[in-house]
Amino acid sequence: MAELFSKKNNEALVTPLFKNNPVTIQVLGICSALAVTSKLAPAVVMGLSVTIIVAMSNVIISLIRKTIPNRIRIIIQLVVVAALVTMVSEVLKAFAYDVSVQLSVYIGLIITNCILMGRLEAFAMQNGPWASFLDGIGNGLGYAFILVILAFVRELFGSGTLFDIPVIPDWAYQAGYINNGLMLMAPMAFFLIACIIWVQRAKDKSLQEE
Amino acid sequence: MIMAKYVCKICGYVHEGNSAPDVCPLCKAASGEFEKVAEQGENSAAPAPKKKGINTNSDVYAIIYATVVVVIVAFLLAAVSSALKPMQDENIRLDKMKQILASLHINDVADAKAEYEAVVKSDAIINSTGAQVAAEGGFDVANDAITADNLPIYICRLKNGEEKYVIPMTGQGLWGGIWGYMAVNSDGNTIYGVYFSHSSETPGLGAEIAGEKFCSRFKDKLVMDGGEIAIEAVKGRLQKEATQVNAISGATITINGVNAMLKKCLENYKSFLAAKQQPAEAVVEPVSVTEVVEAAAAEVNVTEE
Chain A
1 MAELFSKKNN
11 EALVTPLFKN
21 NPVTIQVLGI
31 CSALAVTSKL
41 APAVVMGLSV
51 TIIVAMSNVI
61 ISLIRKTIPN
71 RIRIIIQLVV
81 VAALVTMVSE
91 VLKAFAYDVS
101 VQLSVYIGLI
111 ITNCILMGRL
121 EAFAMQNGPW
131 ASFLDGIGNG
141 LGYAFILVIL
151 AFVRELFGSG
161 TLFDIPVIPD
171 WAYQAGYINN
181 GLMLMAPMAF
191 FLIACIIWVQ
201 RAKDKSLQEE
Chain B
211 MIMAKYVCKI
221 CGYVHEGNSA
231 PDVCPLCKAA
241 SGEFEKVAEQ
251 GENSAAPAPK
261 KKGINTNSDV
271 YAIIYATVVV
281 VIVAFLLAAV
291 SSALKPMQDE
301 NIRLDKMKQI
311 LASLHINDVA
321 DAKAEYEAVV
331 KSDAIINSTG
341 AQVAAEGGFD
351 VANDAITADN
361 LPIYICRLKN
371 GEEKYVIPMT
381 GQGLWGGIWG
391 YMAVNSDGNT
401 IYGVYFSHSS
411 ETPGLGAEIA
421 GEKFCSRFKD
431 KLVMDGGEIA
441 IEAVKGRLQK
451 EATQVNAISG
461 ATITINGVNA
471 MLKKCLENYK
481 SFLAAKQQPA
491 EAVVEPVSVT
501 EVVEAAAAEV
511 NVTEE
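First to last, the protein sequences are chains A and B.
Note that the numbering used here has the first sequence beginning at 1, numbered continuously upward.
Note that the numbering used here has the second sequence beginning at 211, numbered continuously upward.
Shown next as structure tokens:
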């Protein structure tokens, strides 16, 4: 543990942000990326919730990884994740009720977010707590990053607001500008994610398949 | 101290130590190319049984392990839940107050509780004959506990002195429950405002019932016509301008749910509303009908646009 930020740990933190982004490269957590990104505020809360839950469940599973019976490891992982998600959901209901109403079922559905199970199986079961924590933070932020981009575009062009504050001036509406209703529908998030993947692969040749 | 082994994936060089070397001494590959050899490292299965003497693969171990984990988690969740319960209940009450205020066109108030207490004069409970059962306590009647003998009615006085009656409504949409509040003027017939909400209607379609655009169509419409509950949302051109509003296209089942909810819930308040209509009926109605027609005509233009 001498090197808290060794090269390997740094990689666990940084690569999921861009080069190995959970949404655009690993293509995990797409469902919630579609559902909660029509407004910025719920997208930010969702991103932070997932980050906290991935990091904490990674640490817990990593700490007990050597004691977990191999045959029931998925169940144990699920129990830990479900417990954390329920706690986050309760805390949101107590301290950020409006947001929890907006996120409705999707907080509960973090349990089935593929990023969690993916990171637990692929990383936390093999690595120490600190590396797992960084991996969780990295993947959570990578997910949140994509969510915020999607929500920014969708709220700006779909509702003309950012964080519910109107940013498109009135004269634009009077001149005939209309908010794009398609932006608020789930398919638009698909198109936008596809665009992000496109840009990312065009920039980074190493991601391109033969 | 057990040394871990790292193998260079490029040339096969084996390094012993606690972490991979920065560069491979043979082929100069970066440390990222080194792979930890799991069998001989800290993850090895051999030291664990030696230390604890437990076979982690046995059935008994798995059962005990699962039981212990579940019990710990259950206690944790119970503790968190009971610790946060008062705050959550308070939030739910605040939200209900906000919804009632929203039906009175009072939105975005900083202190919903103070505003609610200032506006809502009493939350009485009545029965379907219009007789009062209790003078207060209507607020604490849960939406699913509303029956013909247990009808909450919120008697409100706005800042300008107008008296309004707010009626709670619950029903069934396409995917889940829908509910709302309707504020009726003191003439017992003209709608002052409505608030609708839903748990899981389709965004962009059924969910639009909660939108300002749909709710504002109800303003100044009449609840009853000829002694029957007549307010409804219809497709196409309005046949009866006074008691009909334009529906939302693409949300037929949700709108059917809204109509059923209006009919079912307002039916119970029929006697209460009729009693309010008696004194002022002759004076108020003709005026409001013309207003309604004008408002509806304006709405048709908006819709066609």
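Ideal Cβ positions, reconstructed from N, Cα and C, are used throughout, including at glycine.
If we ignore side chains and look at the alpha-carbon of each, how far apart do residue i and residue j end up?
i: I273(B); j: A284(B); result: 16 Å
i: F211(A); j: C31(A); result: Here chain A covers residues 1 to 210 and nothing more, so residue 211(A) does not appear.
i: V88(A); j: S132(A); result: 20 Å
i: G118(A); j: A328(B); result: 53 Å
i: I168(A); j: Y177(A); result: 9 Å
i: M379(B); j: A358(B); result: 13 Å
i: E442(B); j: I76(A); result: 52 Å
i: V74(A); j: S62(A); result: Reading off the sequence shown, one finds Ile at residue 74(A), where the question assumed Val. Those two C-alpha atoms are separated by around 13 Å.
i: E477(B); j: L40(A); result: 41 Å
i: A485(B); j: K473(B); result: 18 Å
i: F349(B); j: N395(B); result: 20 Å
i: V494(B); j: F152(A); result: Residue confidence is low: V494(B) scores 45 on pLDDT, short of 50, so the model does not pin down where it sits. Its coordinate-derived value is still stated next. Near 49 Å, if we compare the C-alpha coordinates of F152(A) and V494(B).
i: D98(A); j: N399(B); result: 33 Å
i: N353(B); j: I310(B); result: 13 Å
i: V279(B); j: L78(A); result: 11 Å
If you check the beta carbons only, do residue i and residue j fall under 9 Å apart?
i: N10(A); j: Q200(A); result: no
i: T67(A); j: T277(B); result: no
i: I53(A); j: L84(A); result: yes
i: L184(A); j: R154(A); result: yes
i: K323(B); j: I365(B); result: no
i: L384(B); j: T464(B); result: yes
i: A312(B); j: Y391(B); result: yes
i: T238(B); j: V224(B); result: This sequence places Lys at residue 238(B); Thr is not what is there. No; because the gap between Cβ atoms is not below 9 Å, this pair is not in contact.
i: V50(A); j: N127(A); result: no
i: I388(B); j: L361(B); result: no
i: K429(B); j: S338(B); result: no
Which chain B residues sit within Cβ distance under 8 Å of residue i?
i: M87(A); result: L286, L287, V290
Please check if any C-beta of chain A sits within less than 9 Å of the C-beta of residue i.
i: V283(B); result: yes
i: K260(B); result: With a pLDDT of only 44 at K260(B), under the threshold of 50, the placement of this residue in the model should not be trusted, and no figure is reported.
i: I302(B); result: yes
i: N353(B); result: no
i: D232(B); result: yes
i: S410(B); result: yes
Using the three-state DSSP reduction, which class does residue i fall into: helix, strand or coil?
i: P413(B); result: coil
i: F518(B); result: An answer regarding residue 518(B) cannot be provided, because it is not within the stretch 211 to 515 covered by chain B.
i: A344(B); result: strand
i: C218(B); result: strand
i: A393(B); result: strand
i: M297(B); result: helix
i: A144(A); result: helix
i: M46(A); result: helix
i: E442(B); result: strand
i: Y97(A); result: helix
i: Q454(B); result: strand
i: C195(A); result: helix
i: D204(A); result: coil
i: F123(A); result: helix
i: R303(B); result: helix
i: T462(B); result: helix
i: I382(B); result: Per the sequence presented here, residue 382(B) reads as Gln, with Ile not at that position. Of the three classes helix, strand and coil, the one that applies to Q382(B) here is strand, per DSSP.
Against residue i, what residues of chain A qualify as contacts under a CB-to-CB distance less than 7 Å, listed in chain order?
i: A272(B); result: P69, R71, I72
Could you tell me which chain A residues have their CB closer than 9 Å to the CB of residue i, listed as they occur along the chain?
i: G416(B); result: Correct list: empty, because the minimum Cβ distance to chain A is about 13 Å.
i: T266(B); result: K66, T67, I68, P69, N70
i: S459(B); result: Here the premise fails: no neighbours, minimum Cβ distance about 13 Å.
i: Y275(B); result: T67, I68, P69, I72, I76
i: D318(B); result: Per Cβ cutoff of 9 Å: no residues; D318(B) is ~10 Å from chain A at best.
i: D305(B); result: Y97, D98, V101
What residues from chain B crowd round residue i, counting only those whose CB sits closer than 7 Å?
i: E155(A); result: Chain B residues near E155(A): none, gap ~13 Å exceeds 7 Å.
Give a yes or no on whether the minimum CB-CB distance between residue i and chain B is below 9 Å.
i: K203(A); result: no
i: A33(A); result: no
i: A82(A); result: yes
i: E90(A); result: yes
i: L184(A); result: yes
i: V211(A); result: The structure shown does not extend to residue 211(A), since chain A is modelled only from 1 to 210, so the question has no answer here.
i: G181(A); result: yes
Give the residues of chain C in contact with residue i, contact being defined as C-beta atoms less than 7 Å apart.
i: V279(B); result: No chain C appears in the structure shown, which is made up of the protein chains A and B.
Chain B partners of residue i, CB-CB under 9 Å?
i: E11(A); result: G242
i: K93(A); result: L294, M297, Q298, N301, I302
Is any heavy atom in the ligand ADP found nearer than 8 Å to the beta carbon of residue i?
i: L448(B); result: For the ligand ADP, the structure offers nothing, since it holds no ligand at all.
Determine the chain A residues that contact residue i at a beta-carbon separation under 8 Å, and present them in chain order.
i: P413(B); result: S38, L184, M185, A186
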